[in-house]
């Protein structure tokens, strides 16, 4: 299934609205940075599309570009640990 930019942009706006920290490492995200900066905001699929995850808002979370790249299409990123106790 082809993913459209309208839905992607709505999901990005919804996820970034509260300026959450990176769901992978737990550190704050600087939402003023732009791609391809390693510390900029990107949307991560919790269960990757390549692993059968849906392209739904419930399967997406905020992440740093570098953390998302380290995770690639795995369910968990090696050597990246959430440091925030507030994240589930």
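In the numbering used here, the protein residues as written are 1379 to 1466. Cβ coordinates follow ideal geometry from the N, Cα and C atoms, glycine included. Computed from a predicted structure; not experimentally measured.
Closer than 6 angstroms: residue i CB and nearest the ligand ATP heavy atom
i            : result
residue 1424 : Absent from the structure shown: the ligand ATP. Ligands present: none.
Distance between residue j and residue i (C-alpha atoms, nearest Å)
i            : j            : result
residue 1405 : residue 1428 : 26 angstroms
residue 1385 : residue 1453 : 23 angstroms
residue 1397 : residue 1409 : 7 angstroms
residue 1382 : residue 1451 : 20 angstroms
Close-in-space but distant-in-sequence residues of the same chain around residue i (CB under 8 angstroms, 5 per side omitted)
i            : result
residue 1442 : 1400, 1402, 1403, 1405, 1407, 1416, 1417, 1418, 1419 and 1420
Minimum C-alpha distance to residue i - residue among the options
i            : options                   : result
residue 1439 : 1382, 1393 and 1388       : 1393
residue 1389 : 1411, 1424, 1435 and 1450 : 1435
Other residues of its chain near residue i: CB distance less than 6 angstroms, five sequence neighbours each side excluded
i            : result
residue 1431 : 1423, 1425 and 1437
With 16 other Cβ atoms within 10 Å as the buried cut-off, status of residue i
i            : result
residue 1387 : exposed
Where are the beta strand (DSSP E) runs, 3 residues long or more, that stay fully inside the stretch 1415-1444, in chain order? 1419-1423 and 1438-1442
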